[in-house]
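If you read the sequence shown in the numbering used here, its first letter stands for residue -16, the second for the next number, and so on. Heads up, the thing below is written out as structure tokens.
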Amino acid sequence: MTEHARARLVLGNWKMHGNLAENAGLLDALRSAAGSAAASYCQIGVCVPFPYLAQAAAALQGSSVSWGAQDVSAHDKGAYTGEVSATMLKDFSCRWALAGHSERRAYHGESDQVVADKARAALQAGLTPVVCVGETLDEREAGQTLAVIRRQLAPVLALGVDAVARMVLAYEPVWAIGTGRSASPEQAQEVHGAIRAELAALGAAQVQVLYGGSVKAANAASLFAMPDIDGALVGGAALVADEFLRIAAV
Ligand code: PEP
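See below:
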């Protein structure tokens, strides 16, 4: 266990996976493990598909495992068919709302400004937005990684220190998500260090910055040993209780 100034946080992103029966087993396993020493050192949460928020709330209520959604509308209410507002998520006692996951940016055209608007809407309802940023492989190979991250962060940081201090950020290189090819600890730390510098310049250096992209129990320790990596946003490995809990127990 490495000494960190900030608490460790491991969040699962189930993406569009699961069903009532499978979820029940996974949620039960997380709930049962929640009282262990590892779980008390590391905060654990799961971001589930919208239809399963009620199931997650019922299964995890009273445990130390928190839950949330994978997206949130930038709007409070109105004629936005198919969207889910932050106040609706609050009705299900969500703690987290992902904003700007690369799959939302790529498949749903979410701009950097829309992502910031979603983060602001989440904060207004009392949720913690988990704002995701990350470069594509082409951008990395063109030497643009840090410029892309700064561009994605700019409208988020423009929300001001009081807002940013209540967020979580996640660095998720697009080329590492779901590919089995994690960033090396050094590659991740370089970006996390740059993000930390931006946060520090704003006066929000204590914000947790997670790494995401093919995190597994086998590579979590070396990533978590980096000074500016405060935990992980976990996709595929979050669907297997034992693997997810082993990441949280590092
Ligand atoms: C994710 O979906 O945010 C993610 C990091 O996925 P995976 O862990 O499967 O790469």
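Glycine included, C-beta positions come from ideal geometry on N, C-alpha and C. Bear in mind the structure is a predicted one, so any value in this text is a computation, not a measurement.
Can Ala105 and Ala159 be called in contact, C-beta distance under 8 Å?
-> Residue 105 sits at position 122 when you count from the first residue of the sequence shown. Residue 159 sits at position 176 when you count from the first residue of the sequence shown. Against a cut-off of 8 Å, the Cβ pair of Ala159 and Ala105 comes out as no contact.
DSSP three-state assignment for Ala146, whether helix, strand or coil | Working through the sequence shown from its first residue, we reach residue 146 at position 163. Helix, per DSSP.
Give the DSSP-derived three-state secondary structure of Thr(-15) in the structure shown.
-> Residue mapping note: residue -15 aligns to position 2 of the sequence shown, counting from 1. Low confidence applies to Thr(-15): its pLDDT is 47, below 50, so where it sits in the model is not reliable enough to give any reading.
Expressed to the nearest angstrom, what Euclidean distance is found between the alpha-carbon atoms of Gly134 and Val144?
-> Within the sequence shown, the letter at position 151 stands for residue 134. Within the sequence shown, the letter at position 161 stands for residue 144. For clarity, residue 134 is Arg in the given sequence; the question names Gly instead. For Arg134 and Val144, the distance between alpha carbons rounds to 17 Å.
Every unbroken alpha helix (DSSP H) inside the region 50 to 102 [4 residues or more] = The qualifying runs are 69 to 74, 85 to 91.
If you count every other CB in all the chains shown that lies within 10 Å of the CB of Ala22, and 16 or more means buried, which is it?
-> Taking the first residue of the sequence shown as position 1, residue 22 is located at position 39. Note that Ala22 scores 49 on pLDDT, short of 50, meaning its location in the model is unreliable; the coordinates nonetheless yield the value given after this. Classification for Ala22: buried.
Using 10 angstroms around the beta-carbon of Tyr154, count the other beta-carbons present and answer buried if the total reaches 16, otherwise exposed.
-> As a working note, residue 154 is residue 171 in the sequence shown. Per the 10 Å Cβ criterion, buried.
Determine which residues share a DSSP beta bridge with Gly214 and list them.
-> Position 231 of the sequence shown, counted from the first residue, corresponds to residue 214. Paired residue(s): Leu(-8).
Could you check where the alpha helix (DSSP H) with Val174 kicks off and where it finishes?
-> Residue mapping note: residue 174 aligns to position 191 of the sequence shown, counting from 1. Where Val174 is concerned, the enclosing alpha helix (DSSP H) stretches over 168 to 185.
Could you check which residue in Gly65, His58, Gly109, Ala99 has the C-alpha nearest to that of Cys77?
-> Taking the sequence shown and counting its residues from 1, one reaches residue 77 at position 94. For the residues Gly65, His58, Gly109, Ala99, the minimum Cα distance to Cys77 belongs to Gly109.
Quick one: any contact between the region -11 to -3 and the region 209 to 220, if contact means 3 or more CB pairs under 8 Å?
-> Short answer: they touch.
Which residues in the same chain have their Cβ closer than 7 Å to the Cβ of Val117, if we skip the five residues on either side of it in sequence?
-> Along the sequence shown, read from residue 1 onward, the residue named residue 117 stands at position 134. The sequence shown places Gly at residue 117, rather than the Val named in the question. Around Gly117: Ser85, Tyr154, Glu155, Pro156, Val157.
Mind checking whether the beta-carbon of Asn202 lies closer than 7 Å to any heavy atom of the ligand PEP?
-> As a first step, residue 202 must be located in the sequence shown, where it is residue number 219. Answer for Asn202: no, Cβ out of range of the ligand PEP.
Count the other CB atoms, across all protein chains shown, that sit within 10 Å of the CB of Gln26; report buried if there are 16 or more and exposed otherwise.
-> In the sequence shown, residue 26 corresponds to position 43, counting from 1. Counting of Cβ neighbours within 10 angstroms places Gln26 among the buried residues, the total reaching 16 or more.
Compute every distance between the C-beta of Gly219 and the non-hydrogen atoms of the ligand PEP, then say whether any falls below 7 Å.
-> Numbered from 1 along the sequence shown, position 236 holds the residue referred to as residue 219. In terms of side-chain proximity, the C-beta atom of Gly219 is found nearer than 7 Å to a non-hydrogen atom of the ligand PEP.
Opposing strand residues paired with Ser194 [DSSP bridges] = Taking the sequence shown and counting its residues from 1, one reaches residue 194 at position 211. Reading off the sequence shown, one finds Tyr at residue 194, where the question assumed Ser. Answer is Tyr154, Ala215, bridged to Tyr194.
Mind checking which residues open and close the alpha helix (DSSP H) that includes Gly117?
-> Within the sequence shown, numbered from 1, the residue matching residue 117 stands at position 134. Element bounds for Gly117: n/a, residue is neither H nor E.
Would you identify the three-state DSSP class for Met(-1), choosing helix, strand or coil?
-> Position 16 of the sequence shown, counted from the first residue, corresponds to residue -1. Coil at Met(-1), not helix or strand.
Do Arg28 and Gly51 have their C-beta atoms within less than 8 Å of each other?
-> Here the question's residue 28 lines up with position 45 in the sequence shown. Here the question's residue 51 lines up with position 68 in the sequence shown. The sequence given here has Gly at residue 28, not Arg. Cβ distance < 8 Å, so Gly28 and Gly51 count as in contact.
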